[in-house]
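K.L.:
Number of protein chains: 2
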Amino acid sequence: MGGYAGQILYVDLSSGNIEKKPLDMEFARKHIGGLGFGTQIYLDLIKNDPVFDALSETNPFVLMTGPLTGMKMSGVARWTVCSKSPLTGFWGDSNVGGFFGAYLKFAGYDGIVITGKAQKPSYLFINDDTVEIRDAENYWGKDVYTVTDELKQDLKSESKKPGQVLTIGPAGENLVKFASLINNKGHAAGRTGMGAVWGSKMLKAVYVTGTGKIDIAHPDKMKDLRTELKEVYEESIGIAAIHAAGTATHMDVGILSGDIPIKNWQLSDWDQIDDIGPTEIEEKIFAGHKTCYGCGVACKKNAEVKDGPFKMEKGPGPEYETIATFGTMCLNPSIESIAKANDICNRYGMDTITCGSTIAFAMECFEKGLITEKDTDGLSLIWGNSEAIVQMTEKIAKQEGFGVVLGQGSLKAAEHIGANASDFLTTVKGLEAPMHDPRSAHGYGLAYAISPRGACHEASLTFEAEGGMIYIPEIPELSADLPDGSDERAQLNMVAQDYGMFFSNCAIFCNLGGMPLNATQALNMVNYATGFDYSLDEVMKIGRRVWYAKRGLTNLFGARAKDDTLPKRLMTVMEDGPTEGSVPDMDKMLAEFYELRGFNENGIPAKNILEDLDLQVLAELLNNI
Amino acid sequence: MGGYAGQILYVDLSSGNIEKKPLDMEFARKHIGGLGFGTQIYLDLIKNDPVFDALSETNPFVLMTGPLTGMKMSGVARWTVCSKSPLTGFWGDSNVGGFFGAYLKFAGYDGIVITGKAQKPSYLFINDDTVEIRDAENYWGKDVYTVTDELKQDLKSESKKPGQVLTIGPAGENLVKFASLINNKGHAAGRTGMGAVWGSKMLKAVYVTGTGKIDIAHPDKMKDLRTELKEVYEESIGIAAIHAAGTATHMDVGILSGDIPIKNWQLSDWDQIDDIGPTEIEEKIFAGHKTCYGCGVACKKNAEVKDGPFKMEKGPGPEYETIATFGTMCLNPSIESIAKANDICNRYGMDTITCGSTIAFAMECFEKGLITEKDTDGLSLIWGNSEAIVQMTEKIAKQEGFGVVLGQGSLKAAEHIGANASDFLTTVKGLEAPMHDPRSAHGYGLAYAISPRGACHEASLTFEAEGGMIYIPEIPELSADLPDGSDERAQLNMVAQDYGMFFSNCAIFCNLGGMPLNATQALNMVNYATGFDYSLDEVMKIGRRVWYAKRGLTNLFGARAKDDTLPKRLMTVMEDGPTEGSVPDMDKMLAEFYELRGFNENGIPAKNILEDLDLQVLAELLNNI
């Protein structure tokens, strides 16, 4: 059982049936873990009938850990969730840290597969072998903080050890299309609206406590590796920086290369950026470090706002993406208001990237006169109006007034607003782009356009490789000095996808906490845990298989070549600043990438490629297109 | 060219390309017209890539007339539209009368196929051979009445004869999911949200004027038939009743059998029903008769409210379905407010059945405390609040406040409201049921459950046959004395679908204006027009093919056996009144129907049946399910 807990939990909310299936070790070797398991299980569940709404009971939800989750080492606390996305209608997944994955394995489960829909609000109680679907009437309607505290308190007497809670907030119940799942009040599976999937299933929370331990295949080798890595981590400048100031450190760095989107992606510099940078954060809101299970990096920072209009109790603070979406994107210079908006997103359970980006989009619609205070329930959505940003965040969470429009995400909001609102969109396949500008690094553009879940910098290691954050000498494409511009980016993306799927989707390493690892170290860690003795070629092929599985699933849900494109706004040339005149050559990169990946003109992978990767089912399903 | 204009117009709004294709007479003979043409053309357009959102530019829109449209005879002015429905996500179509179809044929076209999406608001100008996509900036945002008047005025000088306008209102532009298309201010293609499809394509209107004539194959025989039918129509009691009072006459009749839904389908009687019945209508709002092209039935009535809070200028008045949805369904005894709500729906372009039903649904949510005035922008949605009903109708049309929630239709609104709101739904496949209660006639229950577009009494002639409105001696199932209960209803539905598809979907007869016709007369009319000399067997088979095509398309868009079901509310036993204790035996009827139609357990028709009907493409596409 090297690294694995050994069972997968199947819960059907419609029938109330609960089944524990032993983890097949051949299956485990073939797919490693995480989305290696997740895509395969999901596909098996839907293959006979792949047409359904993301919020229907037909849509399965899969949560998986990896073989390293729960180990006391840095960068491996992570786990992953997947389902059809209510926000985009395409494939959705989200990768998250915290404590839930580790505790789930301690209870004896590598993952949970949830199907059907409960008749009434329910939660899942997992206490080692005891697994029950329980009534959640007492918790429904309550926010994430309250439910987390109450469930822990209410179930304390039944648990040998204190448990962990994974829950949706009112936003998930209200089917906000970008609702999140939140563990321990601040670890969010944020993107693509998995919280709305739970809401539609009337599933409020999962509580888990367990007393088991995770065996590893080669403990002595792992011990030596841990000693080796201790030094590696201590010497890493990147790790030192994010330990000190968290991901917010990127506010100081990203602005130099034009990486940070400003005013809804219209500017590459802003004279007030220091007001929301790491120094001001330290001074005004910092309230201690925070970490995931077993990780020494501790990239997360608590925040507290002691008084004023944005007063908030101490709790998880905003990370880089959040500071950018609610800050630079909205020309909002108040770090306290950003902390408050982040706090609302955590308490109500919403993705901060989509939420902040959608508000920035609405601000541009407001500026251009497409909406007025009559539409926005009297809120003046002028750039930089910190109060209005916070109030609109709350309206979205509560689904009040104009919050109903924005709660559909910016793409649907643009349809609603009409006129030329779609010109202000920053979405690919309906997902709002994260806070890294492809005009500063062209490979990101291809990564956004081609990512199965929509605009995303985490569906490969392109971002880390092109941004110079990782150096993988074993793989030439991930250690190359790239020329400026759009050359060699297709090849980079492809290799960074294959390796990234192994690294952060199957194994599951943290893209941040795992930055210092080269391929040998990462592979060794997996081999010592599992005893499977994978070669690098082998895990690259497994990664490739997962990538094609996700691509195929998103194709199955309707994505085509026309959806592999950057929005107009991201392709607009900047007239000054670090990215002046620089726009990714999407036609070139896409043509090269399509060729490399064997896509037809519709954006569908060739049948023989899918078959060679043992994805016959997908090959068959996609054959008619 | 017997009966046909001889060309089909293909307009691609993305490229601006316009093509006139000659109507192939073999194709015409095989499919007759209307949805016989429509389903075939639609299927051909999407078969290579059938996964897309209804509001995406990929979704084609097809408008077709039949071989009788434009003839100066009663009950044949109709035409039909189809597309994927934005309201339900399944197959959508709508059948409509008025003048547009006739004028389109005079211009030389049997139908219009619209693909792609315009870059800016556009309208289509058709003047005999001249066909142009024109800028609609001046008309976008304006209501149906204004656009109809202005387009006619603005284009007068270019037209040899005054033209007809088919347009969306602001609701279609705002993507209200049940937005309609409206010809001549009151003839609505209402159901399944075809107006939102136009809105998403930025297509505001089609203006058509033409100077051509329609040839018929056997004019002398047709003349004799017209003479024969004159007498038939004069002797018809049903026709006399609807000529006198319009479809509102059903308020007096339907209440006796428990056919009229009251208080969101909770009651079968109501002591205030006479306040909104034909006598009060005559007295309070009647403002003259109104007809469709060439039809002597003149079932439509104008209305006018001279003063008071519901003041409205003279215009098309509410028909039966509208009076019930905005009246009995909401316990609203004010016929003036119903006329006003109908007027708003006509001016803004919205389906009255879904709109009124959704408001009734919201009223029940309000009564049960699931929503409060805080949600409804201060409107008190108590039963019978006529002012609130009218105001909410306007909010939906304008997509203001809570109107955004209700503008998605009741199914999505129930998801939004949460709790047990779905218990109050009256939808099948997302479409709100029309105003005829299956507890009063069990065959309607099967008709609703199985209709390809969702709850619908017009996708077959079941309603007319079981309700005793038609008598077709040539077809035993449509002239039988049915036992009470659910026996023989599966057979009835099947035959009524096959004949109904020929009669009202292909030929295209009006279900109301064509009521007095037996099969021989209907068939003769088609044969004299086309010269095709069809047998009854032959048209039944063509009808069957269209029915399976629609079923297959709705399957292709995701409908399965689980979607062939009546909502809980319609299956609740009445404790008194005419329908006391009567609930359709859905399990029995569905099992019999599935057997008769050769469906598998997923609700998919057997491959060989589709192949026998020359629906190989569908058979192939559905084969994997």
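As they're listed, the protein sequences go chains A and B. Residues 1 to 625 in this note's numbering are what the first sequence spells out, letter by letter. Residues 1001 to 1625 in this note's numbering are what the second sequence spells out, letter by letter. Backbone N, C-alpha and C define an ideal beta-carbon position, used for all residues, glycine too. Values in this document were obtained by computation on a predicted structure and should not be read as measured data.
If you scan the segment 1142 to 1227 of chain B from start to end, which runs of the beta strand (DSSP E) of 3 or more residues do you find wholly inside it?
P.N.:
1164 to 1167, 1181 to 1183, 1187 to 1189 and 1203 to 1209
K.L.:
State buried or exposed for residue 1027 of chain B, treating a residue as buried only when at least 16 other CB atoms are found within 10 Å of its CB.
P.N.:
Your numbering for residue 1027 of chain B matches position 27 in the second sequence. Exposed, since its Cβ has fewer than 16 Cβ neighbours within 10 Å.
K.L.:
Please identify, using Cβ separations under 7 Å, the residues of the segment 50 to 78 of chain A that lie next to chain B, in order along the chain.
P.N.:
51, 52, 53 and 55
K.L.:
When the distance is taken between beta carbons, is residue 260 of chain A closer than 8 Å to residue 540 of chain A?
P.N.:
In the first sequence, the residue the question calls residue 540 of chain A occupies position 540. In the first sequence, the residue the question calls residue 260 of chain A occupies position 260. Not a contact, by the Cβ cut-off of 8 Å.
K.L.:
Starting from residue 323 of chain A and walking both ways along the alpha helix (DSSP H), at which residues does that stretch end?
P.N.:
Residue mapping note: residue 323 of chain A aligns to position 323 of the first sequence, counting from 1. Start and end: 320 to 326.
K.L.:
How many Å lie between residue 1364 of chain B and residue 349 of chain A at the Cα?
P.N.:
Position 364 of the second sequence, counted from the first residue, corresponds to residue 1364 of chain B. Position 349 of the first sequence, counted from the first residue, corresponds to residue 349 of chain A. In a straight line, the C-alpha of residue 1364 of chain B is about 29 Å away from that of residue 349 of chain A.
K.L.:
Below 8 Å, can you find three or more Cβ-Cβ pairs linking the segment 1457 to 1477 of chain B to the segment 1385 to 1398 of chain B?
P.N.:
In the pairwise beta carbon analysis, the segment 1457 to 1477 of chain B is classified as not touching the segment 1385 to 1398 of chain B: fewer than three pairs are separated by under 8 Å.
K.L.:
Starting from the C-beta of residue 1134 of chain B, find all residues in its chain whose C-beta is less than 8 Å away, skip the five residues before and the five after it, and write them out in chain order.
P.N.:
Mapped onto the second sequence, residue 1134 of chain B falls at position 134. Counting only Cβ-Cβ distances below 8 Å, and skipping sequence neighbours, we find 1122, 1123, 1124 and 1125.
K.L.:
Does the segment 531 to 546 of chain A touch the segment 225 to 241 of chain A, meaning 3 or more C-beta pairs lie closer than 8 Å?
P.N.:
no
K.L.:
Quick one: what does DSSP say residue 1127 of chain B is sitting in, helix, strand or coil?
P.N.:
The residue labelled residue 1127 of chain B in the question sits at position 127 within the second sequence. Strand, per DSSP.
K.L.:
With 8 Å set as the bound, which would you pick, yes or no: does the beta-carbon of residue 599 of chain A sit closer than that to a beta-carbon of chain B?
P.N.:
Position 599 of the first sequence, counted from the start, is the residue given in the question as residue 599 of chain A. Chain B, which has no Cβ nearer than 8 Å to the Cβ of residue 599 of chain A, makes this no.
K.L.:
Hey, would you say residue 403 of chain A sits closer than 8 Å to residue 430 of chain A, going by beta carbons?
P.N.:
Counting from 1 along the first sequence, the entry for residue 403 of chain A is found at position 403. Counting from 1 along the first sequence, the entry for residue 430 of chain A is found at position 430. Going by C-beta atoms, residue 403 of chain A is not nearer than 8 Å to residue 430 of chain A.
K.L.:
Would residue 1413 of chain B pass as a contact of residue 1354 of chain B if the rule is Cβ separation under 8 Å?
P.N.:
Counting from one through the second sequence, the residue named residue 1413 of chain B turns up at place 413. Counting from one through the second sequence, the residue named residue 1354 of chain B turns up at place 354. Result no, Cβ atoms of residue 1413 of chain B and residue 1354 of chain B do not sit closer than 8 Å.
K.L.:
Hey, quick one: how far does the beta strand (DSSP E) through residue 1084 of chain B stretch, first residue to last?
P.N.:
Taking the first residue of the second sequence as position 1, residue 1084 of chain B is located at position 84. In the DSSP assignment, residue 1084 of chain B falls within the unbroken beta strand (DSSP E) covering 1079 to 1084.
K.L.:
So, does the CB of residue 1527 of chain B fall closer than 8 Å to a CB anywhere in chain A?
P.N.:
Translated into the one-based positions of the second sequence, residue 1527 of chain B becomes position 527. It does not; no Cβ of chain A falls within 8 Å.
K.L.:
Pick from B/1399, B/1589, B/1398 and B/1575: whose alpha carbon is nearest that of residue 1489 of chain B?
P.N.:
As a working note, residue 1489 of chain B is residue 489 in the second sequence. It is B/1589.
K.L.:
Is there a Cβ of chain B sitting closer than 8 Å to that of residue 361 of chain A, yes or no?
P.N.:
Here the question's residue 361 of chain A lines up with position 361 in the first sequence. Residue 361 of chain A does not count as touching chain B.
K.L.:
Is there a C-beta anywhere in chain A that falls below 8 Å from the one on residue 1557 of chain B?
P.N.:
In the second sequence, residue 1557 of chain B corresponds to position 557, counting from 1. Yes, its Cβ sits closer than 8 Å to a Cβ of chain A.
K.L.:
With DSSP as the reference, please indicate the residues paired to residue 599 of chain A in a beta bridge.
P.N.:
What you label residue 599 of chain A is simply residue 599 of the first sequence in a count that begins at 1. Answer is A/605.
K.L.:
Give every residue of the same chain whose Cβ lies closer than 6 Å to the Cβ of residue 497 of chain A, excluding the five residues on either side of it in the sequence, and list them in chain order.
P.N.:
As a first step, residue 497 of chain A is located in the first sequence; it is residue number 497 there, counting from the start. Around residue 497 of chain A: 460 and 547.
K.L.:
Nearest chain B C-beta to residue 29 of chain A closer than 8 Å, yes or no?
P.N.:
In the first sequence, counting from the first residue as 1, residue 29 of chain A sits at position 29. Chain B contact via Cβ: absent.
K.L.:
Is it buried or exposed, residue 119 of chain A, if we count other Cβ atoms within 10 angstroms and call 16 or more buried?
P.N.:
As a first step, residue 119 of chain A must be located in the first sequence, where it is residue number 119. Under this definition residue 119 of chain A is an exposed residue.
K.L.:
Roughly how far, in whole angstroms, is the beta-carbon of residue 143 of chain A from the beta-carbon of residue 172 of chain A, given that I think they are within contact range, below 8 Å?
P.N.:
Start at 1 with the first residue of the first sequence, and residue 143 of chain A comes out as number 143. Start at 1 with the first residue of the first sequence, and residue 172 of chain A comes out as number 172. So it is not a contact: roughly 11 Å between Cβ atoms.
K.L.:
When Cβ atoms are compared, which residues of the segment 1327 to 1350 of chain B fall closer than 9 Å to chain A?
P.N.:
none
K.L.:
For residue 1580 of chain B, I'd like the list of residues in its chain whose CB is within less than 6 Å of its CB, leaving aside the five on either flank, ordered along the chain.
P.N.:
Your numbering for residue 1580 of chain B matches position 580 in the second sequence. Contacts found: 1574.
K.L.:
Run the proximity test for residue 442 of chain A: is its beta-carbon closer than 7 Å to any non-hydrogen atom belonging to the ligand SAM?
P.N.:
For the ligand SAM, the structure offers nothing, since it holds no ligand at all.
K.L.:
Can you tell me where the alpha helix (DSSP H) holding residue 1443 of chain B begins and where it ends?
P.N.:
For this step, residue 1443 of chain B is matched to residue 443 along the second sequence. 1442 to 1450 is the extent of the alpha helix (DSSP H) around residue 1443 of chain B.
K.L.:
Is it a yes or a no for the segment 95 to 110 of chain A touching the segment 318 to 334 of chain A, going by three-plus beta-carbon pairs under 8 Å?
P.N.:
Not touching, per the Cβ criterion.
K.L.:
Under the three-state reduction of DSSP, which class applies to residue 383 of chain A: helix, strand or coil?
P.N.:
Taking the first sequence and counting its residues from 1, one reaches residue 383 of chain A at position 383. Coil at residue 383 of chain A, not helix or strand.
K.L.:
Going by the DSSP bridge assignment, what does residue 497 of chain A pair with across the sheet?
P.N.:
Walking along the first sequence from the start, residue 497 of chain A turns up at place 497. Looking at the DSSP assignment, residue 497 of chain A forms no beta bridge with any residue, so it has no partner.
K.L.:
If you draw a straight line from the C-alpha of residue 61 of chain A to the C-alpha of residue 1212 of chain B, how long is it?
P.N.:
Taking the first residue of the first sequence as position 1, residue 61 of chain A is located at position 61. Taking the first residue of the second sequence as position 1, residue 1212 of chain B is located at position 212. Near 59 Å, if we compare the C-alpha coordinates of residue 1212 of chain B and residue 61 of chain A.
K.L.:
With a 10 Å radius around its C-beta and 16 neighbouring C-beta atoms as the bar for buried, classify residue 476 of chain A as buried or exposed.
P.N.:
Position 476 of the first sequence, counted from the first residue, corresponds to residue 476 of chain A. With fewer than 16 other Cβ atoms within 10 Å, it is exposed.
K.L.:
Round the Cβ separation of residue 65 of chain A and residue 6 of chain A to the nearest angstrom and send it over; I've been treating them as touching at under 8 Å.
P.N.:
Position 65 of the first sequence, counted from the first residue, corresponds to residue 65 of chain A. Position 6 of the first sequence, counted from the first residue, corresponds to residue 6 of chain A. Not really, about 12 Å apart at Cβ, beyond 8 Å.
K.L.:
For a quick check, are the C-beta atoms of residue 1623 of chain B and residue 49 of chain A less than 8 Å apart?
P.N.:
Along the second sequence, one-based indexing puts residue 1623 of chain B at 623. Along the first sequence, one-based indexing puts residue 49 of chain A at 49. Cβ distance not < 8 Å, so residue 1623 of chain B and residue 49 of chain A don't count as in contact.
K.L.:
Quick one: Cα of residue 186 of chain A to Cα of residue 160 of chain A, how far?
P.N.:
Translated into the one-based positions of the first sequence, residue 186 of chain A becomes position 186. Translated into the one-based positions of the first sequence, residue 160 of chain A becomes position 160. Near 24 Å, if we compare the C-alpha coordinates of residue 160 of chain A and residue 186 of chain A.
K.L.:
Indicate whether at least one CB of chain A lies closer than 8 Å to the CB of residue 1302 of chain B.
P.N.:
Position 302 of the second sequence, counting from 1, holds the residue named residue 1302 of chain B. It does not: the Cβ of residue 1302 of chain B has no partner Cβ on chain A nearer than 8 Å.
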